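Colleague: Numbering (this note's numbering), first residue to last: 17 to 650.
Don't be surprised by glycine CBs; every beta carbon is placed ideally from N, CA and C.
All of these numbers come straight from a predicted model, not from anything done at the bench.
(1) Just the C-alpha distance for residue 300 and residue 276, rounded to the nearest angstrom, thanks.
(2) Does DSSP put residue 618 in a helix, in a strand, or in coil?
(3) Under the three-state reduction of DSSP, which class applies to residue 512: helix, strand or coil?
(4) Determine the DSSP secondary structure at residue 292, reduced to helix, strand or coil.
(5) I'd like the list of long-range same chain contacts for residue 109, defined as Cβ closer than 8 Å, with 5 residues on each side in sequence excluded.
(6) Do you know how far the Cα of residue 297 is from the Cα of residue 333?
(7) On the DSSP letters alone, give me the boundaries of the alpha helix (DSSP H) that residue 344 sits inside.
(8) Do residue 449 and residue 365 have their CB atoms nearer than 8 Å?
(9) Candidates 522, 360 and 129: which alpha carbon is nearest residue 575's?
(10) For a test of the three-state rule: what should DSSP assign to residue 31, helix, strand or coil?
(11) So, under 8 Å CB-CB, residue 528 and residue 372 are touching, yes? Tell me the CB distance rounded to an integer number of Å.
(12) Can you tell me whether DSSP reads residue 108 as helix, strand or coil?
(13) Locate the beta strand (DSSP E) running through residue 145, then write down its first and last residues.
(14) Taking just the CA atoms, how far does residue 588 sit from residue 538?
(15) Got a sec, what are the start and stop residues for the alpha helix (DSSP H) residue 565 sits in?
(16) Measure the alpha-carbon distance for residue 205 versus residue 96 and round it to whole angstroms.
(17) Could you please give the first and the last residue of the uninterrupted beta strand (DSSP E) stretch that includes residue 276?
(18) Of the residues 251, 345 and 255, which one's Cα is nearest the Cα of residue 265?
(19) Would you identify the three-state DSSP class for residue 609, choosing helix, strand or coil?
(20) Rounded to whole angstroms, what is the Cα-Cα separation between residue 129 and residue 88?
(21) Hey, how far is the Cα of residue 102 from the Cα of residue 119?
(22) Please say whether residue 229 and residue 286 have beta carbons closer to each other than 8 Å?
(23) With distances taken Cα to Cα, identify the nearest neighbour of residue 282 among 469, 231 and 155.
(24) Quick check on the burial criterion: 16 or more other C-beta atoms within 10 angstroms. Buried or exposed for residue 134?
(25) To the nearest angstrom, how far is the alpha carbon of residue 484 from that of residue 446?
(26) Can you say whether residue 195 is buried or exposed, counting buried as having 16 or more other CB atoms within 10 angstroms of its CB?
(27) Applying the criterion that 16 or more other CB atoms from any shown protein chain within 10 Å of the CB defines a buried residue, is residue 545 buried or exposed?
(28) Compute the Euclidean distance between the alpha carbons of residue 174 and residue 162, then round it to the nearest angstrom.
(29) According to the neighbour-count rule (16 or more other Cβ atoms, all chains shown, within 10 Å of its Cβ), is residue 225 buried or exposed?
(30) Would you tell me roughly how many angstroms separate the C-alpha atoms of residue 126 and residue 139, rounded to the nearest one?
(31) Do residue 239 and residue 273 have their C-beta atoms within less than 8 Å of each other?
(32) Provide the residue span of the beta strand (DSSP E) that contains residue 558, from first to last.
(33) How many angstroms separate the CA atom of residue 307 from the CA atom of residue 313?
(34) Return helix, strand or coil for residue 24, following the three-state DSSP convention.
(35) What would DSSP say about residue 266, mapped onto helix, strand or coil?
(36) Are the beta-carbon atoms of residue 71 and residue 124 separated by less than 8 Å?
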């Protein structure tokens with residue numbers, strides 16, 4: 017029993033000894049860590065270097081200053097690039113070397129600081145027995161480096177020689193292929209960059225690599241025979257009625273060589289190079305080139321038909337050169353045909369025929385003389401509004417289609433309606449065009465999306481079927497609610513304006529009724545005193561108009577009698593009083609009153625007629641719209 021107790025005591029003493037030893041080791045390590053931390057507080061640890069330069073015990077500022085001096089000194093020590101007897105000296109500044117000193121110092125400081133307590137302590141311990149070097153980093157100007165490498169390569173490169181034939185007069189000489197030896201620019205770039213960042217002045221051997229010819233041939237006999245055949249006479253190149261002749265002298269200038277397999281043997285083969293015959297093929301290309309032309313439409317007012325589109329053509333240089341090569345290798349039929357690439361127009365003949373533009377769906381004509389400038393406006397607006405194809409469901413937007421009314425686009429100043437008064441404005445008179453097109457769509461039985469009457473009643477337009485348009489204001493729009501495309505076509509000489517809408521007749525029938533005028537309000541007179549006019553004199557400033565309304569009801573039936581549209585178009589013209597200025601000036605002389613009124617029935621009628629000649633609203637110049645170009649004319 018005493019023996020057992022003794023053993024237990026021995027084991028306890030051993031465990032205690034181990035614990036004491038462990039605590040002692042920990043104490044020593046902790047003490048060492050504390051001493052080490054104190055020694056290198058704010059300093060780079062022992063065993064740390066930057067680009068093989070020891071930085072042990074230096075503060076951040078001291079290390080930065082030391083490394084900056086080293087970088088500066090290295091700027092005066094060139095690196096020598098050597099290849100045999102050829103040398104190039106390169107200083108860091110020659111290639112725009114910029115070394116990041118702060119980054120290197122920061123990395124060196126962080127080796128024993130940028131992790132946790134245990135890792136940092138282990139690193140501190142290890143650095144007493146091993147070294148840790150920080151590589152310098154930075155940037156180099158790629159352009160300067162590229163220029164240096166190109167200069168070296170230009171001097172040292174011996175490019176490989178491809179096998180081929182030399183043609184001198186009538187003699188053909190075989191040139192054997194040779195290996196080349198060129199600068200390995202990728203490797204040289206890497207090695208030079210590494211040396212520049214190392215701050216070491218040394219000599220670097222320029223790395224070279226062997227470069228094989230781009231073709232390998234084992235047999236050149238057939239090439240000589242083929243070349244003789246190609247040079248034996250002229251070759252003709254044709255395209256339709258056009259033709260060109262290639263002389264033996266030209267063939268000799270155009271010949272190049274490639275490697276082709278012949279019975280398992282790589283054989284040299286001559287061919288006519290498209291690149292070498294660029295100037296000759298440019299002439300051919302210009303002669304055969306043709307731009308594609310869209311299929312279009314023509315109409316005579318009773319029917320429409322497709323004008324066939326035209327395919328585009330462009331020279332295929334490679335295939336034409338191949339055709340010339342085959343012809344030159346032929347001992348008899350030495351004729352080749354130009355090879356072209358064909359491009360389809362955006363709208364082919366087949367596509368146009370499938371659109372179904374054949375029948376007249378609706379048409380309308382208006383006429384009014386007006387001024388010469390008004391006639392100009394009507395003509396160009398008709399042009400902008402014409403030639404438009406509408407897909408099923410697509411909406412025709414008159415204002416967007418004709419675009420902004422500006423002088424640059426040809427518009428003139430002509431009378432138009434502003435706030436119920438006539439004023440000269442760019443685009444005055446264009447509503448004759450919108451009214452004409454509205455009526456063509458009306459009688460075509462198409463869906464009318466938007467239409468508004470003028471603010472002044474115009475008696476030479478169909479009663480209740482005028483259509484005003486103003487940029488940013490009233491517009492005229494209709495939808496193609498048929499199952500096929502429709503084509504809007506218009507012509508005008510500035511006086512007579514006609515629109516025809518073509519498409520596929522689906523049997524629609526249009527009927528309409530026009531009411532009598534209702535809600536009629538007679539025009540009243542308003543007098544305005546005018547001190548600048550003599551007493552008793554009068555002057556009509558504005559004719560005004562009687563108020564009235566009219567209603568047009570349109571019914572569109574299908575061929576089977578089903579109602580497609582039932583539309584009511586209401587036009588309202590508000591009463592605008594006639595404004596009469598009356599003279600109120602006093603005078604010292606006695607004289608009979610002088611009357612200059614224009615209020616007689618005859619004058620009023622004339623004024624009303626004059627008013628109706630220019631009743632369109634203003635066309636603003638600051639609106640933008642997508643205008644279409646006519647496909648063709650009637």
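Modeller: Answer, in terms of the structure:
(1) Distance from the CA of residue 300 to the CA of residue 276, rounded to the nearest whole angstrom, comes to 28 Å.
(2) Low confidence applies here, because residue 618 scores a pLDDT of 30, under 50, leaving its location unreliable; read the following figure in that light. In this structure, residue 618 counts as helix in the three-state DSSP scheme.
(3) Strand at residue 512.
(4) Here residue 292 carries a coil assignment [DSSP, helix/strand/coil].
(5) Excluding positions up to five away in sequence, the list reads 91.
(6) Linking residue 333 to residue 297 through their CA atoms gives a straight-line distance of about 7 Å.
(7) Residues 333-344.
(8) No.
(9) For residue 575, the closest alpha carbon among the candidates 522, 360 and 129 is that of 522.
(10) The answer is helix: DSSP assigns residue 31 an H, G or I state.
(11) About 26 Å separates the two Cβ atoms, so there is no contact after all.
(12) Note: residue 108 maps to helix in three-state DSSP.
(13) Residue 145 -> no beta strand (DSSP E), and no H or E assigned at all.
(14) Their Cα atoms are separated by approximately 14 Å.
(15) For residue 565, there is no enclosing alpha helix (DSSP H); the enclosing beta strand (DSSP E) has its first and last residue at 563-573.
(16) Each residue's alpha carbon lies about 14 Å from the other.
(17) Unbroken beta strand (DSSP E) run through residue 276: 271-278.
(18) The shortest Cα separation from residue 265 among 251, 345 and 255 belongs to 251.
(19) With a pLDDT of 45 at residue 609, under the threshold of 50, the modelled position of this residue cannot be trusted; read the value that follows with caution. Here DSSP, grouped into helix, strand and coil, assigns residue 609 to coil.
(20) Computed Cα separation, rounded: 29 Å.
(21) For residue 102 and residue 119, the distance between alpha carbons rounds to 37 Å.
(22) Using a Cβ distance threshold of 8 Å, residue 286 and residue 229 do not count as a contacting pair.
(23) If we check each option's Cα against that of residue 282, 231 comes out closest.
(24) By the Cβ neighbour-count rule, residue 134 is exposed, with fewer than 16 other Cβ atoms within 10 Å of its own.
(25) Using only the alpha carbons, I get a separation of about 9 Å.
(26) The residue is exposed, with fewer than 16 neighbouring Cβ atoms inside 10 Å.
(27) With fewer than 16 other CB atoms across the displayed protein chains lying within 10 angstroms of its CB, residue 545 is exposed.
(28) Answer to the nearest angstrom: the Cα atoms are 19 Å apart.
(29) When all chains shown are included, residue 225 counts as exposed.
(30) Straight-line Cα distance between these residues: approximately 11 Å.
(31) In contact: residue 239 and residue 273 (Cβ atoms closer than 8 Å).
(32) Boundaries of the beta strand (DSSP E) around residue 558: 554-558.
(33) Going from the Cα of residue 307 to the Cα of residue 313 covers about 19 Å.
(34) Residue state, collapsed to three classes: helix.
(35) Residue 266: helix per DSSP, three-state reduction.
(36) In this structure, the beta-carbon distance from residue 71 to residue 124 falls below 8 Å.
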